[in-house]
Amino acid sequence: MPMTEQATGAHHPQPRPRSGGQQSAPEQVTGAQSLIRSLEEVGAETVFGIPGGAILPAYDPLMDSKRVRHVLVRHEQGAGHAATGYAQATGRVGVCMATSGPGATNLVTPIADAHMDSVPVVAITGQVASKAIGTDAFQEADIVGITMPITKHNFLVTKAEDIPRTIAEAFHIASTGRPGPVLVDIAKDALQARTTFQWPPVQDLPGYRPVTKPHAKQIREAARLITQARRPVLYVGGGVIKAGATAELKVLAELTGAPVTTTLMALGAFPDSHPLHVGMPGMHGSVTAVTALQKADLIVALGARFDDRVTGKLDSFAPHAKVVHADIDPAEIGKNRAADVPIVGDAREVIADLVQAVQKEHSEGRTGDCTAWWKDLDRWRETYPLGYEQPTDGSLSPQQVIERIGQLAPEGTIFAAGVGQHQMWSAHYIQYEQPATWLNSGGAGTMGYAVPAAMGAKAGAPDRTVWAIDGDGCFQMTNQELTTCALNNIPIKVAIINNGALGMVRQWQTLFYNQRYSNTVLHSGPDADGKQPSAGTRVPDFVKLSEAMGCHAIRCESPDDLDKVIEEANAINDRPVVIDFIVHEDAMVWPMVPAGTSNDTILAARDVRPDFGDGEDD
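Residue 469 in the working numbering sits at position 454 of the sequence shown; the count goes up by one each step and never skips.
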């Protein structure tokens, strides 16, 4: 299957530029009209953005477009994260637009975020007139130079006639190979100039040839190692979802009988409920997943990059394992962990070929035996399951809040999370059975991601329920996009896990900084009489704030009201809904591998070091 179809997901193929066939008749248009026509032709349906001087010429013909919807956001960062959420939920290229200078620089964080998580986004920015570039003109910023390290590619367009070709190439680059963000910076005079528009343009990308088909010899060698292994693990990353390879993955897992661990970016790539699934690996991964990787004799890494949050201290990671590493990006193979069998290729093609090669091994009498391995894995799963304790003071447990949101959500609900404790609890206590139902900022760890990403997801998938699970710290960074949601009929649902603190940072201060809570408390602290304020962040009042932005808002402080308010939120679909859950501030995320240490030091709970009963651990 061609990479352009695979890279954008199995369920929502991205409309692509026409590469051949009948050319349209030449038309005399402005560069700005050419830009909008080009966006229509590449299949862009929704653009998130804010106008300003340098990009303003493009907004005039945008008003007349019947095929491109523009969503006016309240901050450019919101536009970028919305484009990312749209892309993650639909498999299509997300599009955001901003003006020059501060408008463009406000996109830097979401562009970096999309780059780290390999999300196909095209960011279009206005630039000062070509003759003014480099003169420190009003609202000038070298956005091409600024974003060079955080884009897959970027373009500076100074001639109107180059706009169609550049847009076609930008969408092609963003959505093929390893997906990623592409920036198109267009000088204002190029938007104003007259030009001839004709589609399709001739694309010229001589150095861009992503390898999608894996090498047969490497596939055979990988299959041989799989059938010889006694303790194999399938280590699955987000690339499997991006390649639309989840069906193939299930076939491979069931064929080999190997345990499957899905990274934070790959939740939903393999059903959580499947008996072969052992959980998420990493710093806050399940004990079974982390330990399986540590004690494996073979790791088959599929669309994963051996991130430091997964490996812990790298030189002690999986010391006895051989590694098969398959990735669309050859730069990832061997970057952190040497691969015994490197495979460059698209995950869908790699896994499909692996299935055939393993079947051939089986037909010739070479089958693996994981019986003893599964006895260990099942013992660890039974002994160290995920769990949490209810607060003794009758307050809300944040884990229970998130667990019930997941249990009461309609089938196919999309969940977007911010970054921190609530992100890890959402990864652990919501079951993900389908791909593209879990959106989060994995690589960059961007606070403020959840609300605009949920907005983008809902705009792209209006028939799906979309929940944003946010912290009271994250929520205060980008909540203004709730106004955008209210005014544009984008009825997302937001759960604020309000513990009155920057929770994950506070957890580290509890564990590693002698409970010295320097600048992590979000409420006012005790008054002059030493009286503690009520639990949670109350300034601002999230209920009043949300109501002021056009949302239905509820506060929940008692476990007795939990199901009622969640069901109320699920029943409202004509406007955004925000629930301010006041939760216990001392809840922590467990399991945990302290930063910079070996995964062998994993703690199942505070001061609880697992005993694996094999003589290798305390």
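Note that beta-carbon positions come from the ideal geometry of N, C-alpha and C, so glycine has one too.
Given the structure is predicted, the values throughout are model-derived calculations rather than measurements.
Q) Which runs of the beta strand (DSSP E), 3 residues or longer, sit entirely within the segment 349-415? A) 356-359
(Q) Could you compute how far the alpha carbon of N588 sits from the alpha carbon of P506? (A) Here residue 588 is taken as the residue at index 573 of the sequence shown, counted from 1. Here residue 506 is taken as the residue at index 491 of the sequence shown, counted from 1. Distance between the alpha carbons of N588 and P506: 6 Å.
Q | Residues that DSSP places opposite T211 in a beta bridge | A | If you number the sequence shown from 1, residue 211 lands on position 196. BP columns for T211 point to Q43.
Q. Ends of the alpha helix (DSSP H) at M234?
A. Working through the sequence shown from its first residue, we reach residue 234 at position 219. Here residue 234 is Ile; the residue named in the question, Met, does not match the sequence. Run containing I234: 231-243, per the alpha helix (DSSP H) assignment.
Q.
Just to confirm before moving on: does the CB-CB distance between T261 and A284 stay below 8 Å?
A. The residue labelled residue 261 in the question sits at position 246 within the sequence shown. The residue labelled residue 284 in the question sits at position 269 within the sequence shown. Yes, Cβ-Cβ distance for T261 and A284 is below 8 Å.
Q: Under 8 Å by Cβ, that's how I've got K336 and D312 pegged, so tell me the actual separation to the nearest angstrom.
A: The sequence position of residue 336 within the sequence shown is 321, counting from 1. The sequence position of residue 312 within the sequence shown is 297, counting from 1. The question names Lys, but residue 336 is Ala in the sequence shown. With 8 Å as the limit, A336 and D312 qualify as a contact, their Cβ atoms being about 6 Å apart.
Q | Nearest candidate by alpha-carbon position, reference A59, set G475, A516, D601, A602 | A | Working through the sequence shown from its first residue, we reach residue 59 at position 44. Measuring from the Cα of A59, the nearest candidate turns out to be G475.
**Q.** Uninterrupted alpha helix (DSSP H) stretches inside the segment 457-520 (no shorter than 4 residues)
**A.** 465-475, 487-493, 496-502
Q: Could you check what DSSP says for R84 in three-state terms: helix, strand or coil?
A: Position 69 of the sequence shown, counted from the first residue, corresponds to residue 84. R84: strand per DSSP, three-state reduction.
Q | Continuous alpha helix (DSSP H) stretch holding M603: start and end | A | Reading the sequence shown from its first residue, position 588 is the one you call residue 603. Per DSSP, M603 belongs to no alpha helix (DSSP H) and is neither H nor E.
Q. Quick one, which of A586, V339, P625, H187 has its alpha-carbon nearest T398's?
A. If you number the sequence shown from 1, residue 398 lands on position 383. Checked all of A586, V339, P625, H187; the closest Cα to T398 is P625.
Q. In the DSSP assignment, what residue or residues form a beta bridge with R570?
A. Here the question's residue 570 lines up with position 555 in the sequence shown. R570 pairs with D595.
Q | Endpoints, the alpha helix (DSSP H) within which K559 is located | A | Position 544 of the sequence shown, counting from 1, holds the residue named residue 559. First-last of the alpha helix (DSSP H) with K559: 557-563.
Q) Using 8 Å as the threshold, is the segment 55-72 in touch with the segment 142-155, meaning 3 or more CB pairs across them? A) yes
**Q.** Among T191, K559, A304, nearest to P274 - alpha-carbon criterion
**A.** Counting from one through the sequence shown, the residue named residue 274 turns up at place 259. With distances taken between Cα atoms, P274 lies closest to A304.
(Q) Going by DSSP, what residue range makes up the alpha helix (DSSP H) through D128? (A) Locating residue 128 in the sequence shown gives position 113, counting from the first residue. Segment 123-131, the alpha helix (DSSP H) holding D128.
Q: Starting from G272, follow its DSSP beta bridges and name the residues at the other end.
A: The residue you call residue 272 lines up with position 257 of the sequence shown. Answer is none; G272 lacks a bridge partner.
Q | Through-space distance from L171 to Q446, alpha-carbon basis | A | Within the sequence shown, the letter at position 431 stands for residue 446. Within the sequence shown, the letter at position 156 stands for residue 171. Each residue's alpha carbon lies about 44 Å from the other.
Q) Taking DSSP as the reference, what is the three-state secondary structure of P290? A) Mapped onto the sequence shown, residue 290 falls at position 275. Coil.
Q. In its own chain, which residues sit with a C-beta less than 8 Å from the C-beta of V558, not counting the 5 before and 5 after it?
A. Numbered from 1 along the sequence shown, position 543 holds the residue referred to as residue 558. A568, I569, R570, V593, D595.
Q.
Within the continuous alpha helix (DSSP H) that includes Q438, where are the two ends?
A. Taking the first residue of the sequence shown as 1, we reach residue 438 at position 423. It spans 436-444 - the alpha helix (DSSP H) in which Q438 sits, taken as one unbroken run.
**Q.** Same chain, Cβ closer than 7 Å to L401, five either side skipped, listed in chain order
**A.** Locating residue 401 in the sequence shown gives position 386, where the first residue counts as 1. Answer for L401: S301, H443, listed in chain order.
Q | Helix, strand or coil at N614 [DSSP, three-state] | A | Working through the sequence shown from its first residue, we reach residue 614 at position 599. Note: N614 maps to helix in three-state DSSP.
Q. How many whole angstroms separate the CB atoms of L317 and L249, which I take to be in contact at a CB cut-off of 8 Å?
A. The sequence position of residue 317 within the sequence shown is 302, counting from 1. The sequence position of residue 249 within the sequence shown is 234, counting from 1. Contact holds; Cβ gap of about 7 Å.
Q | Identity of the residues DSSP links to V255 by a beta bridge | A | Locating residue 255 in the sequence shown gives position 240, counting from the first residue. Paired residues: none, contrary to the question.
Q | C-beta atoms of A635 and V108 nearer than 8 Å | A | With the chain covering only 16 through 633, there is no way to say anything about residue 635.
Q. On the three-state DSSP scale, how would you describe L537?
A. The residue given as residue 537 occupies position 522 in the sequence shown. Here L537 sits in coil by DSSP.
Q) If you compare alpha carbons, which of L537, H538, W523 is closest to R531? A) What you label residue 531 is simply residue 516 of the sequence shown in a count that begins at 1. With distances taken between Cα atoms, R531 lies closest to W523.
**Q.** Inter-residue Cα distance where the pair is L270 and N351
**A.** Position 255 of the sequence shown, counting from 1, holds the residue named residue 270. Position 336 of the sequence shown, counting from 1, holds the residue named residue 351. Taking the straight line joining both Cα atoms gives about 29 Å.
Q: Would you mind reading off the limits of the beta strand (DSSP E) that contains P196?
A: One-based indexing of the sequence shown puts residue 196 at position 181. Looking at the DSSP string, the run of the beta strand (DSSP E) that includes P196 is 196-202.
Q: With T552 as the anchor, note down where its alpha helix (DSSP H) starts and where it stops.
A: Within the sequence shown, residue 552 is the residue found at index 537, counting from 1. Element bounds for T552: n/a, residue is neither H nor E.
Q | Residue range of the alpha helix (DSSP H) that includes A304 | A | Here residue 304 is taken as the residue at index 289 of the sequence shown, counted from 1. Counting along the chain, the alpha helix (DSSP H) containing A304 begins and ends at 302-310.
Q. Which residues in the same chain as Q233 place their Cβ atom closer than 8 Å to its Cβ, once the five residues preceding and following it in sequence are excluded?
A. Start at 1 with the first residue of the sequence shown, and residue 233 comes out as number 218. Once the five neighbours on either side are set aside, the close Cβ partners of Q233 are V356, P357, I358.
Q: Quick one: using the 10 Å Cβ neighbour count with 16 as the cut-off for buried, is D622 buried or exposed?
A: What you label residue 622 is simply residue 607 of the sequence shown in a count that begins at 1. Flag for D622 reads exposed.
Q. What first and last residue would you give for the alpha helix (DSSP H) that runs through K579?
A. Residue numbering aside, residue 579 sits at position 564 when the sequence shown is read from its first letter. K579 -> alpha helix (DSSP H) spans 577-586.
**Q.** Reduced DSSP category for H187 - H, G, I as helix; E, B as strand; rest coil
**A.** Here residue 187 refers to the residue found at position 172 when the sequence shown is read from its first residue. The answer is helix: DSSP assigns H187 an H, G or I state.
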